[in-house]
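K.L.:
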Amino acid sequence: MIPSLHQYYSRTCLHAEQCFLYWFHEHMLDPAEDYQVTWYISWSPCSTCADEMASFLATHRNVSLTIFSARLYYFWNSAYQNGLRKLYQEGAQVKVMTFQEFEDCWENFVYNKGESFMPWKGLSRNNRFLKNELKKILGSPMSLLKEDIFLYQFNNQQQVQKPYFRRRTYLCYQLEQPNGSRPQWPAKGCLQNKKGHHAEIRFIKRIHSMGLEQDQDYQITCYITWSPCLACACALAELKNHFPRLTLRIFASRLYFHWIRKFQMGLQHLYKSGVLVAVMSLPEFTDCWEKFVNHRQVFFTPWDKLEEHSRSIQRRLRRILQSWDVDDLTDDFRNLRL
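Per full-length UniProt numbering, the very first residue in the sequence shown carries number 1; after that it's consecutive.
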């Protein structure tokens with residue numbers, strides 16, 4: 001990778017961030033290559049620029065963006081706060097410039113006549129204040145799964161391989177509105193069982209906390225290591241009933257005690273309530289890896305017999321749901337990509 005240094009500043013109609021996007025689109029970058037972009041920016045992006053950059057990152061997974069901002073633009077305004085959150089959710093690292101970044105920017109982009117960077121009065125104090133405000137804005141952002149956690153916990157092999165470990169419930173979700181509008185809340189996250197609360201119940205509480213409108217269309221895709229137990233299945237069905245225009249899709253890596261009747265009833269109840277229950281296959285494992293794993297720009301490599309195990313689990317699920325005349329309808333739901 002060859003380093004490339006550029007400067008952009010706002011013109012009459014375009015913000016500096018938009019100028020960068022135009023430059024990026026004009027260059028025929030190799031989609032097979034990974035690109036690391038670092039911004040030193042005087043003001044954090046406005047809501048419009050943040051939306052555009054978030055959309056750009058969502059469609060260019062080979063681009064990693066780090067934003068060092070000297071100041072936060074209207075940081076008390078909810079629209080600008082949401083813009084920063086969206087950037088973070090799409091993988092951008094949003095940070096406040098410290099002495100080190102000011103010095104790096106001075107050395108790389110300023111005609112400094114060989115002089116060293118001299119910090120102004122209050123730089124450190126202002127930096128602490130802005131970092132605290134940014135932390136409040138981003139709240140508790142989604143923590144990406146570690147590679148080994150994903151490979152161990154989402155593995156769909158029937159038996160645990162050495163080194164032996166306990167298979168826990170991990171649930172990764174993404175929420176979107178089908179009309180293409182950007183949500184005003186954190187749209188995706190990863191949860192696991194915690195202090196007696198199943199991951200599904202924590203997920204339901206989080207969705208209710210968002211204040212979604214019952215008369216609006218929403219789509220939620222969940223990737224989960226174990227299919228829900230009976231109690232969680234009933235709770236998820238209630239969530240669907242509470243939001244009648246919600247499309248809820250649950251892709252499970254494995255079926256939880258699939259031979260026990262009450263857990264079979266839970267899966268049947270979910271389907272009868274209009275919730276898609278399907279088994280993760282290679283496309284879902286790949287999508288989960290790309291969106292929820294700290295993969296360091298490494299592509300997902302399927303483990304041995306992944307698709308063979310997936311087909312076997314799909315047959316089990318089909319037999320369980322057979323009493324509700326479920327055949328290949330899951331394929332139609334699977335094609336409803338977010």
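Beta carbons: idealized from backbone N, C-alpha and C, even for Gly.
(1) Using only CA atoms, which one of Tyr40, Glu200 and Ala252 lies nearest to Val110?
(2) Ignore the nearest five residues each way along the sequence and tell me which others in Leu72's own chain have a CB closer than 7 angstroms to its CB.
(3) Which residues does DSSP pair with Lys194 in a beta bridge?
(4) Please report the straight-line C-alpha distance between Arg249 and Val277, rounded to a whole angstrom.
(5) Consult DSSP for Tyr152 and reduce its assignment to one of helix, strand or coil.
(6) When we look at the beta-carbon of Asp287 and count the other beta-carbons within 10 Å, is it buried (16 or more) or exposed?
(7) Between the alpha carbons of residue 347 and Gly266, how many angstroms are there, rounded?
(8) Could you pull the DSSP bridge partners for Thr38 from this structure?
(9) Helix, strand or coil: how does DSSP classify Lys136 here?
(10) Cβ of Ala54 within 9 angstroms of Cβ of Leu29?
(11) Following the continuous beta strand (DSSP E) through Thr247, name the residue where it begins and the one where it ends.
(12) Within the same chain, show all residues whose beta-carbon is closer than 6 angstroms to that of Phe257, passing over the 5 residues directly before and after it, in chain order.
(13) Which residue from Arg315, Cys232, His309 and Lys272 puts its Cα closest to that of Asn156?
(14) Check this for me: beta carbons of Ile137 and Phe68, under 9 angstroms apart or not?
(15) Just the C-alpha distance for Val275 and Phe292, rounded to the nearest angstrom, thanks.
P.N.:
Concretely, from the data shown:
(1) Tyr40
(2) Ser44, Leu130, Glu133 and Leu134
(3) His197
(4) 6 angstroms
(5) helix
(6) buried
(7) A question about residue 347 goes unanswered here, because the residues of the chain that appear run from 1 up to 338.
(8) Thr66
(9) helix
(10) no
(11) Leu246 to Arg254
(12) Phe263
(13) His309
(14) no
(15) 22 angstroms
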